[in-house]
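Right, one structure below, let's go through it.
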Amino acid sequence: MSIVESRQDPEALTLTLVAELAAPPARVWQIWSDPRQLEQWWGPPTWPATFERHDVAVGGASRYYMTGPEGQKARGWWRFLALDEPRTLEFEDGFSDESGSPDPQMPTIHVLVELEEAAASTRMTVTSSFATVEQMQQLVQMGMVEGMTEAMGQIDRLLETA
Amino acid sequence: MVVDQLDSDEVDRLFAALADPTRRDIVARVLTHETSVSVLAERYAMSFAAVQKHVAVLERAGLVSKRPHGRERLVRGDVDAIRAAARLLDQYEEIWRARIGRIEDILAAPAEGDSR
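What follows is the structure, given as structure tokens:
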């Protein structure tokens, strides 16, 4: 695993992960901008994602669904807030109802992706921010439903952020 | 699991309680050693009343409990409650770690054209 840094900030309700990826930024950009590549990693193998729409432009929207083992569908949307190919990508990620319309009752996550060129590689920083603790909890519980593994509680990491 | 048993108000209290560096420090301390409020108060550049207030916030969030001991009140950390708070962010981190693992697999695969 190429994750070189992870920061959890319970005050700002953000998670920051930094990964070193063995490809130049232009290549890494494609895994975000090409829906066929995005589908290969956004959802876990048990809940693969299908992007029906992926309009990579400021103000542009995406519509996707994830298909569960029993054929059930979980629908979501993105809205692009800022784009600077191949350096930054900023979007909101939310949930949709069964008809595919954004569901205002459900959590929205603000995601900032930064790609920095390093020697023959890319340093990718993904910062996810939640509006409220309640939203974060809701999302995590849904993530667990989607078959994610339970992480071990790391008391020290939380306490060390003092 | 513990997280499922917390309602959103409880989670809000947990995070609000842990948002302050002094309170995090108090929690870290009383997790390993039961400590009286007055001993805690000596460690921080603030009044006894201010420390007492911090302890009260932690107590309401379920992160510490107090028990009388002679003329003192001893403060002790509740490990389960603290784990629950840490676990929320840990679980979200786990989602992203798995995603980045899959991204690496895609980048490592032989390039067969950018669109299929």
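Listed in order, the protein sequences are those of chains D and X. FYI, in this note's numbering the residues of the first sequence are 1 to 162. FYI, in this note's numbering the residues of the second sequence are 1001 to 1116. Built from N, CA and C at the ideal position, the CB exists for glycine as well. Given the structure is predicted, the values throughout are model-derived calculations rather than measurements.
Residues of its chain near residue i, where Cβ-Cβ distance is below 6 Å and the 5 sequence neighbours each way are ignored
| i | result |
| --- | --- |
| W41/D | none |
| M66/D | G43, W47, A49, A74 |
| F95/D | G76, D103, M106 |
| R87/D | L115 |
| V111/D | F91, D93, S128 |
| V18/D | V4, E5, T125 |
| G68/D | W47 |
Inter-residue spacing [alpha-carbon to alpha-carbon] between residue i and residue j
| i | j | result |
| --- | --- | --- |
| R1029/X | D9/D | 20 Å |
| R178/D | G100/D | Any property of residue 178/D remains undetermined from this structure, which presents chain D solely from 1 to 162. |
| A1109/X | G43/D | 18 Å |
| V1075/X | T14/D | 30 Å |
| V56/D | F1015/X | 35 Å |
| R79/D | E85/D | 16 Å |
| S1038/X | F1048/X | 7 Å |
| I31/D | T1022/X | 42 Å |
| I1100/X | S33/D | 16 Å |
| V133/D | V1055/X | 22 Å |
| Y1044/X | R1024/X | 13 Å |
| I1106/X | D1012/X | 38 Å |
Reduced DSSP category for residue i - H, G, I as helix; E, B as strand; rest coil
| i | result |
| --- | --- |
| L13/D | coil |
| R36/D | helix |
| S1038/X | helix |
| P44/D | coil |
| M72/D | The displayed chain sequence assigns Gln, not Met, to residue 72/D. Coil. |
| D1012/X | helix |
| Q1091/X | helix |
| E116/D | strand |
| Q30/D | helix |
| T132/D | coil |
| V56/D | coil |
| P24/D | coil |
| G1101/X | helix |
| A963/X | Limits of chain X in this structure are 1001 at one end and 1116 at the other, which puts residue 963/X out of reach. |
Where residue i meets chain X, residues with beta-carbon distance less than 8 Å
| i | result |
| --- | --- |
| S165/D | Residue coverage of chain D in this structure runs from 1 to 162, which leaves residue 165/D outside it and unanswerable. |
| R27/D | L1107 |
| W77/D | Those within 8 Å of W77/D in chain X number zero; the least Cβ separation is about 18 Å. |
Chain-ordered neighbours of residue i on chain D, where CB pairs are closer than 8 Å
| i | result |
| --- | --- |
| E1093/X | S6, Q8, L15, L17, A151 |
Contacts around residue i, its chain only, beta-carbon distance under 7 Å, and the 5 residues preceding and following it disregarded
| i | result |
| --- | --- |
| A82/D | V58, T88, E90 |
| G60/D | F80 |
| S2/D | A19, E20, L21 |
Spatial neighbours of residue i in its chain, beta-carbon cut-off 8 Å, leaving aside the 5 residues before and after
| i | result |
| --- | --- |
| S1036/X | H1069, E1072, R1073, L1074, V1075 |
| D1078/X | G1062, L1063, V1064, S1065 |
Within chain X, partners of residue i - CB distance below 9 Å
| i | result |
| --- | --- |
| L89/D | Within chain X, no residue comes near L89/D; the closest Cβ sits about 13 Å away, beyond 9 Å. |
| P44/D | I1095, A1098, R1099, R1102 |
| E58/D | Reading off the sequence shown, one finds Val at residue 58/D, where the question assumed Glu. Simply none; closest approach about 22 Å. |
Proximal residues of chain X, C-beta to C-beta of residue i below 7 Å
| i | result |
| --- | --- |
| L21/D | I1103, E1104, L1107 |
Residue i: contacting residues in chain D (beta-carbon distance under 9 Å)
| i | result |
| --- | --- |
| R1071/X | The contacting residues do not exist; R1071/X stays about 30 Å from chain D at best. |
Check: Taking only runs of the beta strand (DSSP E) that begin and end inside the region 1045-1085 of chain X, which ones reach a length of at least 3 residues, in chain order?
Finding: 1064-1069, 1072-1077
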